[in-house]
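**Student:**
There are 2 protein chains.
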Amino acid sequence: MAEPKPRRPLADSTAVHDQVYDSIRQALITGKIAPGVGVSLRSLAAELGVSPMPVRDAVRRLVAERALAINPANKRLSVPSLSAERLEQLELARQWIEPELAARAAPRADEALVRKLKAIDQDLEEALRVGDVDRYMVANHAFHFAIYERAGAEVLLAMAGGLWLQIGPFMRVVFGRVGTGSLPADRHAQAMDALKVRDAEGARRAIAADLSEGMDKMRAAVEAGAGLTVAPTGQTVITVS
Amino acid sequence: MAEPKPRRPLADSTAVHDQVYDSIRQALITGKIAPGVGVSLRSLAAELGVSPMPVRDAVRRLVAERALAINPANKRLSVPSLSAERLEQLELARQWIEPELAARAAPRADEALVRKLKAIDQDLEEALRVGDVDRYMVANHAFHFAIYERAGAEVLLAMAGGLWLQIGPFMRVVFGRVGTGSLPADRHAQAMDALKVRDAEGARRAIAADLSEGMDKMRAAVEAGAGLTVAPTGQTVITVS
DNA sequence: GACCTTGCATTGTGATCGCAATTATCGACT
DNA sequence: AGTCGATAATTGCGATCACAATGCAAGGTC
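Written as structure tokens, this is what we have:
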């Protein structure tokens with residue numbers, strides 16, 4: 001315990017608990033932590049090479065954003081497993097807020113944004129080709145939020161971020177199962193075209209369609225019974241049947 | 001400092017940081033803490049008779065829910081002052097999510113719910129008569145969320161709760177200024193009537209109208225210049241002109 | 001008298017310790 | 001050999017301390 005503290009690099013500045021937050025958030029969005037598995041403050045702290053304190057702070061934020069769940073009896077932490085009802089509500093909320101953000105971003109779009117999106121989309125398609133699910137998840141997130149940030153709607157943006165955080169782990173499981181081959185990147189092309197000419201309604205429709213297709217996949221996976229069964233210990237086994 | 005620690009009663013069970021959270025949350029919703037004023041962990045801890053530690057946890061949650069803001073430079077805490085853009089986005093989000101919750105609650109409404117709402121509404125009107133703004137705020141919150149909880153939509157309910165938390169402090173300022181005399185409780189009657197016959201669309205319209213009128217007042221107050229001016233120290237003076 | 005500097009109080013952050021509760025592990029007994 | 005019970009380990013929660021940074025205020029200088 002008298003080690004010189006590895007202290008992982010982790011980006012650059014800001015407070016430690018913010019870096020821890022970003023680390024866990026990325027792990028959740030990209031699905032590096034499977035839904036249902038239990039985590040602990042000390043284990044996360046050890047893994048990140050920090051003291052339990054900043055982890056505790058980061059976990060509080062994530063619990064507040066419902067990206068982590070806390071067993072009311074145990075008081076133990078876990079990644080929430082997604083139920084059909086939860087999925088339905090998250091879908092509804094996303095279908096309302098994300099097209100709205102895209103529509104608001106359209107009038108404020110410029111050439112630089114479109115270029116950035118094009119770069120992200122190329123990376124995304126490359127990830128699809130080589131079947132790198134992690135990279136695809138990161139790129140897809142980057143694509144959507146590059147648009148949403150342009151809307152200049154802080155409150156709505158934060159809400160959208162929270163929704164992705166909640167749906168991220170499950171997306172990863174589904175996409176890892178059905179494969180990424182059939183994912184339609186053409187909706188992204190539609191969105192970029194609409195943004196190029198500052199067509200708000202076009203952007204709204206493109207994002208709505210993109211979401212709709214993605215969520216269809218997830219819903220189909222859930223209804224097909226590819227659910228998550230929670231073992232009595234709290235540990236979760238992902239049944240891909 | 002060697003005092004025997006007053007340790008405020010504070011509800012009943014659960015962890016200390018949850019009780020602290022509820023206390024601050026209530027204070028924000030009812031507007032006991034004015035927008036823009038700076039708070040500190042230690043001052044809140046002293047006021048609640050607890051150590052700074054659980055306050056720190058509670059504040060993390062509230063910051064994550066955007067009910068408290070943290071100055072990126074200072075890293076100091078404050079109640080966020082509401083801007084016109086923020087208000088517009090919060091209104092949009094509320095106008096979408098709260099009527100939706102009301103509509104979902106309608107088919108699940110029963111006599112007990114209507115009775116409960118009636119009791120709350122009577123208390124609300126009494127508060128209006130005597131001009132007790134705090135009591136009105138509490139009752140109004142209770143009325144809406146008694147309905148929303150019935151929707152059985154956990155995710156949407158949490159989102160609605162977050163929105164109230166963000167808009168609460170400002171509501172209080174506005175209502176405290178324009179007086180509560182002209183507030184239309186008849187929308188509540190409409191909502192109760194719709195719930196009584198399980199009329200989803202009626203409930204949706206009633207809540208939408210209720211929100212619309214309330215937000216109109218707030219928007220008018222903002223545009224009339226009854227804004228909040230932040231002093232250089234971070235302390236805020238409420239200009240009721 | 002106005003402005004700058006110096007000192008002190010307060011702030012958030014992180015670390016470490018102790019505690020009670022729960023869980024896991026292993027030994028003992030029937 | 002199987003089941004039960006006791007011990008040890010882990011977990012989250014709260015308290016306290018240390019520290020760097022910031023804010024505030026008093027006092028000094030021009």
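Protein chains in written order, with the UniProt record's numbering: chain A, 1 to 241; chain B, 1 to 241.
We put the beta carbon where it would ideally sit given N, CA and C, even for glycine.
By DSSP's criteria, residue 70 (chain A) is part of a beta bridge. Which residues make up the other side?
**Tutor:** For the purposes of this step, residue 70 (chain A) is taken as residue 70 along the first sequence, with counting starting at 1. The secondary-structure analysis by DSSP pairs residue 70 (chain A) across a beta bridge with A:77.
**Student:** Check whether the region 116-133 of chain B and the region 158-165 of chain B are in contact - that is, three or more C-beta pairs closer than 8 Å.
**Tutor:** In this structure the region 116-133 of chain B does not touch the region 158-165 of chain B; the number of beta carbon pairs closer than 8 Å is below three.
**Student:** Given this structure, state the Cα-to-Cα distance separating residue 237 (chain A) from residue 141 (chain B), to the nearest angstrom.
**Tutor:** Start at 1 with the first residue of the first sequence, and residue 237 (chain A) comes out as number 237. Start at 1 with the first residue of the second sequence, and residue 141 (chain B) comes out as number 141. Reliability of the predicted coordinates at residue 237 (chain A) is poor, the pLDDT of 35 falling under 50, and the value obtained from them is presented with this limitation in mind. Taking the straight line from one Cα to the other gives about 41 Å.
**Student:** Where does residue 97 (chain B) land, buried or exposed, given buried means 16+ other C-beta within 10 angstroms?
**Tutor:** Position 97 of the second sequence, counting from 1, holds the residue named residue 97 (chain B). Buried, because 16 or more other Cβ atoms sit within 10 Å of the Cβ of residue 97 (chain B).
**Student:** If you measure beta-carbon to beta-carbon, which residues of the region 70-94 of chain A are closer than 7 Å to chain B?
**Tutor:** 86, 89, 90 and 93
**Student:** Does any CB atom of chain A fall closer than 9 Å to the CB of residue 63 (chain B)?
**Tutor:** For the purposes of this step, residue 63 (chain B) is taken as residue 63 along the second sequence, with counting starting at 1. It does; some Cβ of chain A falls within 9 Å.
**Student:** Starting from the beta carbon of residue 96 (chain A), find every residue of chain B whose beta carbon is closer than 7 Å, and list them in chain order.
**Tutor:** The sequence position of residue 96 (chain A) within the first sequence is 96, counting from 1. The answer, in chain order, is 96.
**Student:** Return yes when the Cβ of residue 105 (chain B) is within less than 9 Å of the Cβ of residue 149 (chain B), no when it is not.
**Tutor:** Taking the first residue of the second sequence as position 1, residue 149 (chain B) is located at position 149. Taking the first residue of the second sequence as position 1, residue 105 (chain B) is located at position 105. In this structure, residue 105 (chain B) lies closer than 9 Å to residue 149 (chain B) by Cβ.
**Student:** When we look at the beta-carbon of residue 111 (chain A) and count the other beta-carbons within 10 Å, is it buried (16 or more) or exposed?
**Tutor:** Reading the first sequence from its first residue, position 111 is the one you call residue 111 (chain A). The residue in question, residue 111 (chain A), is exposed, as its Cβ has fewer than 16 Cβ neighbours within 10 Å.
**Student:** Using a Cβ-Cβ cut-off of 6 Å (strictly less than) and excluding sequence neighbours within five positions of residue 99 (chain B), which residues of its own chain qualify?
**Tutor:** One-based indexing of the second sequence puts residue 99 (chain B) at position 99. Within the same chain, residue 99 (chain B) has close Cβ partners 204, 207 and 208.
**Student:** Could you check which residue in A:60, A:75 and A:34 has the C-alpha nearest to that of residue 20 (chain A)?
**Tutor:** Position 20 of the first sequence, counted from the first residue, corresponds to residue 20 (chain A). Among A:60, A:75 and A:34, the Cα nearest to that of residue 20 (chain A) is on A:60.
**Student:** Where do the ends of the alpha helix (DSSP H) carrying residue 212 (chain B) lie?
**Tutor:** Position 212 of the second sequence holds residue 212 (chain B). It spans 200-223 - the alpha helix (DSSP H) in which residue 212 (chain B) sits, taken as one unbroken run.
**Student:** Taking only beta-carbon atoms, is residue 166 (chain B) less than 9 Å away from chain A?
**Tutor:** Taking the first residue of the second sequence as position 1, residue 166 (chain B) is located at position 166. For residue 166 (chain B), the answer is yes, since a Cβ of chain A falls inside 9 Å of its Cβ.
**Student:** Along chain A, which residues have their Cβ under 8 Å away from the Cβ of residue 262 (chain B)?
**Tutor:** The structure shown does not extend to residue 262 (chain B), since chain B is modelled only from 1 through 241, so no value can be given for it.
**Student:** Quick one: which residues of the region 118-152 of chain B get their C-beta closer than 9 Å to a C-beta of chain A? List them in chain order.
**Tutor:** 152
**Student:** Going along chain A, which residues have a C-beta under 8 Å from residue 22 (chain B)?
**Tutor:** Taking the second sequence and counting its residues from 1, one reaches residue 22 (chain B) at position 22. Within 8 Å Cβ-Cβ: nothing; residue 22 (chain B) doesn't reach chain A, min ~14 Å.
**Student:** For the alpha helix (DSSP H) that residue 99 (chain A) lies in, which residues bound it at each end?
**Tutor:** Position 99 of the first sequence holds residue 99 (chain A). Segment 84-105, the alpha helix (DSSP H) holding residue 99 (chain A).
**Student:** Which same chain residues end up closer than 7 Å to residue 194 (chain A) when comparing Cβ atoms and leaving out the 5 residues on each side of it in sequence?
**Tutor:** Numbered from 1 along the first sequence, position 194 holds the residue referred to as residue 194 (chain A). Cβ contact annotation for residue 194 (chain A) (same chain, cutoff 7 Å, sequence separation greater than five): 106, 202, 203 and 206, in chain order.
**Student:** Note down, in chain order, every chain A residue with its Cβ under 9 Å from the Cβ of residue 216 (chain B).
**Tutor:** Here residue 216 (chain B) refers to the residue found at position 216 when the second sequence is read from its first residue. Ordered by position in chain A, no residue passes the 9 Å Cβ test against residue 216 (chain B), which lies about 19 Å from the chain.
**Student:** Taking just the CA atoms, how far does residue 57 (chain A) sit from residue 63 (chain B)?
**Tutor:** Taking the first residue of the second sequence as 1, we reach residue 63 (chain B) at position 63. Taking the first residue of the first sequence as 1, we reach residue 57 (chain A) at position 57. Each residue's alpha carbon lies about 11 Å from the other.
**Student:** Going by other Cβ atoms of all chains shown within 10 Å of its Cβ, with 16 needed for buried, is residue 70 (chain B) buried or exposed?
**Tutor:** As a working note, residue 70 (chain B) is residue 70 in the second sequence. The residue is exposed, with fewer than 16 neighbouring Cβ atoms inside 10 Å.
**Student:** Excluding the five sequence neighbours on either side, which residues of its own chain have a C-beta within less than 7 Å of the C-beta of residue 14 (chain A), listed in chain order?
**Tutor:** To locate residue 14 (chain A), count along the first sequence from 1; it is residue 14. The answer is none, since no qualifying residue turns up.
**Student:** Tell me whether residue 11 (chain B) sits in a helix, a strand or coil according to DSSP, three-state version.
**Tutor:** Against the second sequence, residue 11 (chain B) aligns to sequence position 11. Confidence at residue 11 (chain B) is low in this model, with a pLDDT of 41, below 50, so its placement is unreliable and the value that follows should be read with caution. Coil.
**Student:** State yes or no: is the C-beta of residue 133 (chain A) within less than 9 Å of the C-beta of residue 214 (chain A)?
**Tutor:** Locating residue 133 (chain A) in the first sequence gives position 133, where the first residue counts as 1. Locating residue 214 (chain A) in the first sequence gives position 214, where the first residue counts as 1. The Cβ atoms of residue 133 (chain A) and residue 214 (chain A) do not sit closer than 9 Å to each other.
**Student:** On the DSSP letters alone, give me the boundaries of the alpha helix (DSSP H) that residue 32 (chain B) sits inside.
**Tutor:** Residue numbering aside, residue 32 (chain B) sits at position 32 when the second sequence is read from its first letter. Taken as a continuous stretch (DSSP letters only), residue 32 (chain B) belongs to no alpha helix (DSSP H), as it is neither H nor E.
**Student:** Taking 6 Å as the limit between beta carbons, can you name the residues of its chain near residue 42 (chain A), skipping five residues before and five after?
**Tutor:** Your numbering for residue 42 (chain A) matches position 42 in the first sequence. Closer than 6 Å at Cβ, skipping near neighbours: 52.
**Student:** Assuming residue 77 (chain B) contacts residue 38 (chain B) (C-beta within less than 8 Å), just tell me the rounded distance between them.
**Tutor:** Counting from one through the second sequence, the residue named residue 77 (chain B) turns up at place 77. Counting from one through the second sequence, the residue named residue 38 (chain B) turns up at place 38. Between residue 38 (chain B) and residue 77 (chain B) the Cβ distance is about 7 Å, and since that is below 8 Å, they are a contact.
**Student:** State yes or no: is the C-beta of residue 192 (chain B) within less than 9 Å of the C-beta of residue 168 (chain B)?
**Tutor:** Here residue 192 (chain B) corresponds to residue number 192 of the second sequence, with the count starting at 1. Here residue 168 (chain B) corresponds to residue number 168 of the second sequence, with the count starting at 1. No; because the gap between Cβ atoms is not below 9 Å, this pair is not in contact.
**Student:** So what does DSSP say about residue 39 (chain B), is it helix, strand or coil?
**Tutor:** On the second sequence, residue 39 (chain B) is found 39 positions in, with the first residue counted as 1. Three-state result, residue 39 (chain B): strand.
**Student:** Reducing DSSP to helix, strand and coil, say where residue 228 (chain B) ends up.
**Tutor:** For the purposes of this step, residue 228 (chain B) is taken as residue 228 along the second sequence, with counting starting at 1. Note on residue 228 (chain B): pLDDT 45, under 50, position unreliable in the model; no value is reported.
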